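**Student:** Residue numbers for the sequence shown follow the numbering used here, beginning at 28 and rising by one.
This is the structure, below, for whatever I ask next.
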Amino acid sequence: MAKGKAKKKESDPVRGKSRPASGSIFERLEAWFGANNRKLFRITCIVTLLLSILHFNARISEGGDDSTYIYHGYKYAQDFFNHFFTFNAPLYPMFLALPIKLFGINLVVLKLISVIFYFFSVWFFYKAFERRVPYLVLYPVIFFLALNSYMHYFASQTYNEAFYLFLQSLFFYYFFRLWDKVKDKNDFQIRENWKLWTATGLLALALSLTKNLAVMVFPVVLLFFLLQKQWKTAITAAVVTLGIRGLFEVLKRVVWGDIAQLSSQGNILLLKDPYIESKGKEDLMGFVNRFLLNSEIYLSKRFFQIIGFMPETSTKIFGFLTIFIIVLIVIGLISIIRNKNKYLLFAWIFTGALTFVTFVALQIRWDQPRLILVHMPVIFLVIYFAFYMLFTRLRSGYWVYLLITGSISASVLISSGRKAAANVPVLAKNASGDIYYGFTPDWVNFLKISRWCADSLPENSVVVSRKSSMSFIYGKGKEFFPVNKVIFYDPATKQANPDSALAYFRENKVTHVIVASLRLDPRKKTQNVINTIHNVVQPIIKKYPERLKLVHQEGDMNSEPAFLYEIKTD
């Protein structure tokens, strides 16, 4: 044997570069996960389903968006070609039309379908990244998806998060298969790989029709191929993805015509205050401020609440935690580039672009965990990959890596177990027929008075509701008239102009209005309530007291009551 012969090396397709054929603990652990991955993944799938059942929520959410999706799903089911959901992306309510057509507005059925979507989102996320990132990176993320209580909460809601996560995982799965076919070539390959191109284009369309901001998927795909200097492939990607999106726009115009163009969420996102148009539209510095504050809200408070490191009730934000997460994400990108992992590079660009536009576009007051939740699987992949590549270079680095990933997994598991234990008695009550159990008294009274309206008012009555889609569901499908912001807002009084409000009600044939005591802080009863309807009704009562008559009340004055007033507009 020649003196000084180089040590034999073996290929590492995951890291994209060669490595010494050594027997480090990292490599032995990686080999063990590889040898047992099918068994481990089956166990993880079982745990995912079990926790989905233990966290199952048979009630509608107080947020309102989930009931809005159901309402518009019902409208599609009634007359698909004469209804179009214009406020948000329309695909999810379009899908809901099918089970609603088959089973009616059955919350349990709709929520079980959402659970199924979440289960397969975990399945395809694993399949998308299996053998493309180290198992020691992938499995901690799969554990996060299987165990996290926030994930399971939205899995059993009719928000579109579970549906979106499923489409996102499926998109990664097919895009990576496409990349495997085209990565070593730079030519037009639609004929050879037309099935994969079509699947990628259709899934890109589906993502953009599930969340408006996911329209970024189109430039992301194009940018990725351009960064790889795949000029002809980039042209193919543009033709296929934008062509499919264009075909949908033509179809939308032909089938739904003008009703698909009435309004959009984009108009609201431009406003400084989504509920007070008179404050005007946001300027450049306003959007910069949105980005900075949303970054702090979601990368410090919400991020650490989701992994159980911060109480859910906390309202504090920490700039240093935001910077810490951003630094980790940037280090992750550097590690991805150095190790030439194109799969993670695409996932980083995809998630980075969507997170960026989320922080820029969405108003600060919409502080909700679900807005960052859908991006966290890839964020964790990137961060764990950075840690993995760093600590493999240290003698005892595996202990540090296992401590970090193990601590996060343990925190998520503890938080999930605590919430599941609290949810099971509530679920048992709901399953036994108590549909209001689990709501706070303010919501119980609001939902009961909505049902009373359906049972006791004339069929042609028109009732104003602050949460009209929730009233619709608990009111047995009765239509309610939505008032979600102070109409005819007077900046001087911060209330409605009474004459304009009465004229508006007269024009829309409004006969009744629900005035409820919905908590501003859902955790406790205070004098602060969602006062949108109050600020419309109070100036009318003050100027025209004879125009409103109390018809019904749910709850006494000590239990956050809801009132139904008959309103005389003539």
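Glycine is no exception: its CB is placed at the ideal position from the N, C-alpha and C atoms.
The model shown is predicted, which means the values in this text are computed figures rather than measured ones.
Grouping DSSP H, G and I as helix and E and B as strand, with all else coil, what is residue 28?
**Tutor:** Residue placement at residue 28 is poorly supported in this model, since its pLDDT is 39, which falls under 50; the coordinates still yield a value, given next. It is coil, neither helix nor strand.
**Student:** Can you tell me which of the three DSSP states residue 401 falls into?
**Tutor:** It is coil, neither helix nor strand.
**Student:** In three-state terms, what does DSSP make of residue 217?
**Tutor:** The answer is coil: DSSP assigns residue 217 none of H, G, I, E or B.
**Student:** How about residue 620 and residue 303: do their beta carbons lie closer than 9 Å?
**Tutor:** Lying outside 28 to 597, the shown extent of the chain, residue 620 is not represented and no answer is given.
**Student:** Residue 282: buried (16+ other C-beta within 10 angstroms of its C-beta) or exposed?
**Tutor:** By the neighbour-count rule (16 or more Cβ atoms within 10 Å), residue 282 is not buried but exposed.
**Student:** Does DSSP classify residue 541 as helix, strand or coil?
**Tutor:** Of the three classes helix, strand and coil, the one that applies to residue 541 here is strand, per DSSP.
**Student:** Could you tell me the distance, in whole angstroms, from the CA atom of residue 62 to the CA atom of residue 473?
**Tutor:** One C-alpha to the other measures close to 55 Å.
**Student:** Helix, strand or coil for residue 593, going by three-state DSSP, please let me know.
**Tutor:** In the structure shown, residue 593 sits in a strand (DSSP, three-state: E or B).
**Student:** Under 8 Å by Cβ, that's how I've got residue 545 and residue 597 pegged, so tell me the actual separation to the nearest angstrom.
**Tutor:** The Cβ separation is near 30 Å, so there is no contact.
**Student:** Let me make sure I understand the geometry here. Which of 595, 565, 552, 347 has the alpha-carbon closest to that of residue 573?
**Tutor:** Checking every option, the nearest Cα to that of residue 573 belongs to 595.
**Student:** Go ahead and pull the three-state DSSP assignment for residue 486.
**Tutor:** Coil.
**Student:** Please classify residue 138 as buried or exposed, where buried requires at least 16 neighbouring CB atoms within 10 angstroms.
**Tutor:** Looking at its Cβ environment, which holds 16 or more other Cβ atoms inside 10 Å, residue 138 is buried.
**Student:** What does the alpha-carbon distance come out to for the pair residue 175 and residue 444?
**Tutor:** Going by the C-alpha atoms only, they are around 9 Å apart.
**Student:** Taking the straight line between their C-alpha atoms, what separation do you get for residue 589 and residue 581?
**Tutor:** Approximately 5 Å between the Cα atoms of the pair.
**Student:** With DSSP as the reference, identify every bridge partner of residue 516, one or two as the case may be.
**Tutor:** 523, per the DSSP bridge assignment.
**Student:** Suppose contacts are defined by Cβ-Cβ distances below 9 Å. Is residue 226 in contact with residue 250 by that definition?
**Tutor:** No, the pair does not count as a contact, with Cβ atoms beyond the cut-off.
**Student:** How is residue 341 classed by DSSP in three states: helix, strand or coil?
**Tutor:** It is coil, neither helix nor strand.
**Student:** Would you please state the rounded distance, in angstroms, between the beta carbons of residue 485 and residue 522? I believe it to be under 8 Å.
**Tutor:** Incorrect: roughly 30 Å between the Cβ atoms, too far for contact.
**Student:** Residue 188 and residue 400 look like a contact to me (Cβ under 8 Å); what is the Cβ gap, rounded to whole Å?
**Tutor:** About 6 Å separates the two Cβ atoms, so the contact holds.
**Student:** Taking only the alpha-carbon atoms, compute the straight-line gap between residue 60 and residue 161 and give it to the nearest angstrom.
**Tutor:** Cα to Cα, residue 60 sits roughly 9 Å from residue 161.
**Student:** For residue 407 versus residue 371, is the C-beta spacing smaller than 9 Å?
**Tutor:** No, they are not a contact pair.
**Student:** Is it the case that the Cβ atoms of residue 124 and residue 107 are separated by a distance below 9 Å?
**Tutor:** Yes; because the gap between Cβ atoms is below 9 Å, this pair is in contact.
**Student:** Have a look at the DSSP bridge pairing and note the partners of residue 466.
**Tutor:** Paired residues: 464.
**Student:** Using DSSP's beta-bridge definition, name the partner residues of residue 556.
**Tutor:** 546.
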